[in-house]
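Under my numbering, read the sequence shown as residues 2 to 131, first letter to last.
Here a beta-carbon is modelled for each residue, glycine too, at the ideal position from N, C-alpha and C.
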Amino acid sequence: MRFFRIVLSVYFVSLFTFFVISTFWVIPRMIHSQTEPDRILFPMDLACAVLTVVFGVAFWILVRSRATGRGWVIAASLLNLAISVGVPLFYVRVSGASDLWMLERIFLIPSAFGIAGLFAFRRPTRQVAQ
């Protein structure tokens, strides 16, 4: 279980780093480069900020091995699943289904981490003594 915590924490810190860069560097540059920014960029910036917080807290809880923060790890795993399913579906909606299977192969790894995080940090079952 310790090895899985380390692997999952490395994965969450990489997502945290990606969303920090997106929130504080990429999206503001996109907003300021346009004379009239698109309305979708502001919610996208807010979503990246929320994802930054969730993945950062999940990483911190995994590193510190705190049992009380299991909900953050589950939330990060659920968001990971939502991203790995939602991005290909959004792409299909916008561009068509030509590259859907390529995207599904790319997002197979985040899906696997999301499912593994959900199973590893689910509520422990209590055994009844007889």
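Fill in: residue 67 in three-state terms, based on DSSP
On the sequence shown, position 66 is the one that residue 67 refers to. Here residue 67 sits in coil by DSSP.
Worksheet item: Straight-line CA distance for residue 71 to residue 120?
Response: Locating residue 71 in the sequence shown gives position 70, where the first residue counts as 1. Locating residue 120 in the sequence shown gives position 119, where the first residue counts as 1. Distance between the alpha carbons of residue 71 and residue 120 is about 12 Å.
Item to complete: Measure the alpha-carbon distance for residue 94 versus residue 80 and round it to whole angstroms.
Response: The sequence position of residue 94 within the sequence shown is 93, counting from 1. The sequence position of residue 80 within the sequence shown is 79, counting from 1. Taking the Cα positions, residue 94 is about 20 Å away from residue 80.
Worksheet item: Looking at the structure shown, is residue 6 part of a helix, part of a strand, or coil, going by DSSP?
Response: Against the sequence shown, residue 6 aligns to sequence position 5. Secondary structure at residue 6: helix, using DSSP grouped into helix, strand and coil.
Fill in: Neighbour flag for residue 112 against chain B, beta carbons, 8 Å
In the structure shown, chain B does not exist; there is a single protein chain.
Worksheet entry | When 9, 50, 13 and 55 are compared against residue 25, the one with the closest alpha-carbon | Indexing the sequence shown from 1 puts residue 25 at position 24. Nearest of 9, 50, 13 and 55 to residue 25, Cα basis: 50.
Discussion item. Rounded to the nearest angstrom, what separates residue 4 and residue 16 at their Cα positions?
Written reply: As a position in the sequence shown, residue 4 is number 3, starting the count at 1. As a position in the sequence shown, residue 16 is number 15, starting the count at 1. If you take the alpha carbons of residue 4 and residue 16, they lie about 19 Å apart.
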